[in-house]
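*Asks:*
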Amino acid sequence: MSSLLGLLDPITGTRDKLLETLIAWSDINSGSGNIEGVEKIATLATGRFSELGYDVQRIETEPVAMIGPDGQEGTIQRGPILHFTARPNATRRIMLAGHLDTVFPVNDSFQKAVIRKDGTLHGPGTADMKGGLLVMAQALACFEQSGLADDIGIDVVLNSDEEVASYASSPYMEKVAAHCDAGFVFEPSMPDGSLAGARAGSGNYDVVVTGRAAHAGREFDKGRNAIAGAARVVGALNALNGQRDAVTLNIGLIAGGTALNVVPERAIVRLNVRARTPDDLAWVDSAIRETITSGDFGADITAQLHGRIHRPAKPMTPQLESLFETVRSAGGDLGVPVRWAATGGCCDGNNLARAGLPTVDTMGVRGAFIHSHDEYAVIDSFEERTRLTALSLLKLASGEAVWPKDIAS
Ligand SMILES: [Zn+2]
Numbered sequence: 001m002s003s004l005l006g007l008l009d010p011i012t013g014t015r016d017k018l019l020e021t022l023i024a025w026s027d028i029n030s031g032s033g034n035i036e037g038v039e040k041i042a043t044l045a046t047g048r049f050s051e052l053g054y055d056v057q058r059i060e061t062e063p064v065a066m067i068g069p070d071g072q073e074g075t076i077q078r079g080p081i082l083h084f085t086a087r088p089n090a091t092r093r094i095m096l097a098g099h100l101d102t103v104f105p106v107n108d109s110f111q112k113a114v115i116r117k118d119g120t121l122h123g124p125g126t127a128d129m130k131g132g133l134l135v136m137a138q139a140l141a142c143f144e145q146s147g148l149a150d151d152i153g154i155d156v157v158l159n160s161d162e163e164v165a166s167y168a169s170s171p172y173m174e175k176v177a178a179h180c181d182a183g184f185v186f187e188p189s190m191p192d193g194s195l196a197g198a199r200a201g202s203g204n205y206d207v208v209v210t211g212r213a214a215h216a217g218r219e220f221d222k223g224r225n226a227i228a229g230a231a232r233v234v235g236a237l238n239a240l241n242g243q244r245d246a247v248t249l250n251i252g253l254i255a256g257g258t259a260l261n262v263v264p265e266r267a268i269v270r271l272n273v274r275a276r277t278p279d280d281l282a283w284v285d286s287a288i289r290e291t292i293t294s295g296d297f298g299a300d301i302t303a304q305l306h307g308r309i310h311r312p313a314k315p316m317t318p319q320l321e322s323l324f325e326t327v328r329s330a331g332g333d334l335g336v337p338v339r340w341a342a343t344g345g346c347c348d349g350n351n352l353a354r355a356g357l358p359t360v361d362t363m364g365v366r367g368a369f370i371h372s373h374d375e376y377a378v379i380d381s382f383e384e385r386t387r388l389t390a391l392s393l394l395k396l397a398s399g400e401a402v403w404p405k406d407i408a409s
C-alpha cells in the first residue's frame, strides 16, 4: 500500500462542488464551431486553473484550410489554446491535456445537464470532456498541496478544436509534448473504468467532383452530372474496404447539386479512414490517392482530392506500458481496478504520442454515449478519477513509480 495515500485527503468531499461546476459548464454550448461559447469555457477554465497559481498563456490559433460546402478551398478560424505552466525550469515535466470544445453545435437540441436518479449526470460534454477538465484541475490542486511538486514541471494545455481533428492546435501541442516526460489526457474512461490502450490512427479526406451544369430539359446532353461522378467515386473508394485487415474507410458525407432541373456541376464526398499501424495508414493514404488520380468517374468529370492522415496510430510501447502500470498501481492502492484495451477511436493522445510522449489518454470521468444525446458522466467517478490522477502524479514525483522515458523504448 502506498504511503502517499494520506496526501489524497484534500480530494474527499470535492464531489458536490465539481458536480455543480460541471453542470454550469455543460450548460454553456462550446461546439467547436461556436467560438463565442468556446471562449466562455476558456474564460472559466482560465479562472479554474489560475487558482492553482499557474502562469497562463493564451495562444491564438492560425486559420486552417477547409473545403467548404461549395467545394471551394477556404479557411476556418478555431478557438484559442490555453497553456498553464508551473515551474518552467524543472527538468522533469508532466503534460496534462484536454479540450474545451464539444461536438454539439450551437443550435443542437442537446444543451442542458440533468442529474438522473441512477447517479449519472446527463448532458453535453459532461463526459467528453468538461468533467475530465475539472478532474484534472482538482487532481492538480491536490498535487500542488502535497509537498512533492517542487521539482516537477507542469504543462496543462487545453485546445478548442479536438472534436474537429485538432488541425489548428496540434503543432503547438506536439511542441509542448516533446519537452515532457509523461502525458495524461482527460478523455472519459468507459463506464466500468477501462482505459483506451493502443489507438488507431485516422485521416479525413474530401473529394470535390466537378462536372458541367446544364438545363435538365433543354440541354441535358451538354451537362456532365457531378453527382453521378461522385457516386462512381464513392464506389471506387468504398471498394478499398476489406482489402487490408483492420483498415476501414467510412464515406461519411456526400453533398451536391442545386435544383432538380439543373444537371449538377459539383458534388463533394467526405470520408474518414482508420488503421492501426503506420504501414496500414500509409497504405490507405496512397490507395486513396491512386484511386482518385487514376480513376475514371465519367467523361469530362474531374475529381480533386484534399486531406491527409491527421492522427497517427498510437501503438503500445514499453514506455507507454510503463505509464499504464503506474496508473494501474495507483488504482490498486485505491481499490479501483484499472484495465485497458485497444480501440479504433483516436484523440489528441495520438498526436502527443507522435511527439514521443508516453501518454495515458482516458484519465477523465467514467461515462458513455459520448457524441450523442445520451452522453452521461458517472457522478461517483468524480472523486475516484481525481484520486487516480493525483496518485499517479504523486507516484512519479516521489520516485515510487519509474518515469516512462527512463524505460528503453
Ligand atoms: Zn473528447
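Take 1 as the starting number for the sequence shown in my numbering and just add one per residue.
Even for Gly, the Cβ is constructed at its ideal location relative to N, Cα and C.
1) When you measure from the CB of residue 375 to every non-hydrogen atom of ligand 1, does any distance come out below 7 Å?
2) Kindly list the residues whose CB is nearer than 6 Å to the CB of residue 338, restricted to its own chain and excluding five residues on each side of it in sequence; keep chain order.
3) Round the Cβ separation of residue 29 and residue 81 to the nearest angstrom and send it over; I've been treating them as touching at under 8 Å.
4) Considering only the beta carbon of each residue, do residue 318 and residue 408 sit closer than 8 Å?
5) Report the rounded CA-to-CA distance for residue 152 versus residue 49, giving the unit in angstroms.
6) Who pairs with residue 251 in a beta bridge, going by DSSP?
7) Got a sec: does ligand 1 put a non-hydrogen atom nearer than 7 Å to the Cβ of residue 279?
8) So residue 94 is in the beta strand (DSSP E); what residue range does that whole segment cover?
9) Please tell me whether, using a cut-off of 7 Å, the distance from the CB of residue 180 to the nearest non-hydrogen atom of ligand 1 is below it.
10) State yes or no: is the C-beta of residue 418 nearer than 7 Å to some heavy atom of ligand 1?
11) Along the chain, where does the alpha helix (DSSP H) that runs through residue 324 open and close?
12) In the DSSP output, what is residue 277 paired with across the bridge?
13) Please classify residue 314 as buried or exposed, where buried requires at least 16 neighbouring CB atoms within 10 angstroms.
14) Should residue 310 be listed as close to ligand 3, given that the test is whether its C-beta is under 7 Å from any heavy atom?
15) As a quick exercise: from 231, 42, 181, pick the residue whose alpha carbon is nearest that of residue 296.
16) Consider the C-beta atom of residue 346 and the heavy atoms of ligand 1; say whether any pair is separated by less than 7 Å.
17) Once you ignore the five residues that flank residue 305 on each side, which residues in its own chain have a CB closer than 6 Å to its CB?
18) Starting from residue 375, follow its DSSP beta bridges and name the residues at the other end.
19) Output the residue ranges of the beta strand (DSSP E) runs that lie fully inside the stretch 212-263 and measure 3 residues or longer, sorted by chain position.
*Replies:* The structure says:
1) No, the beta carbon of residue 375 sits no closer than 7 Å to any heavy atom of ligand 1.
2) Here residue 338 has 327, 328, 331 as same chain residues with Cβ atoms under 6 Å from its own Cβ, once five neighbours each way along the sequence are excluded.
3) Contact doesn't hold; Cβ gap of about 20 Å is too wide.
4) Against a cut-off of 8 Å, the Cβ pair of residue 408 and residue 318 comes out as a contact.
5) Rounded to the nearest angstrom, the gap between the Cα atoms of residue 152 and residue 49 is 17 Å.
6) Answer is 271, bridged to residue 251.
7) No.
8) Going by DSSP, residue 94 is part of the beta strand (DSSP E) stretching over 92-99.
9) No.
10) Since the displayed the chain opens at 1 and closes at 409, residue 418 lies outside it and no answer follows.
11) Segment 318-334, the alpha helix (DSSP H) holding residue 324.
12) Paired residues: none, contrary to the question.
13) Taking a 10 Å sphere around the C-beta of residue 314, we find 16 or more other C-beta atoms and assign the residue as buried.
14) Ligands displayed in this structure: ligand 1; ligand 3 is not among them.
15) Nearest option by C-alpha distance: 231.
16) Incorrect: residue 346 has no Cβ contact closer than 7 Å to ligand 1.
17) 207, 292, listed in sequence order.
18) Checking the DSSP bridge columns, you'll see residue 375 has no partner listed.
19) 248-256, all fully within the stretch 212-263.
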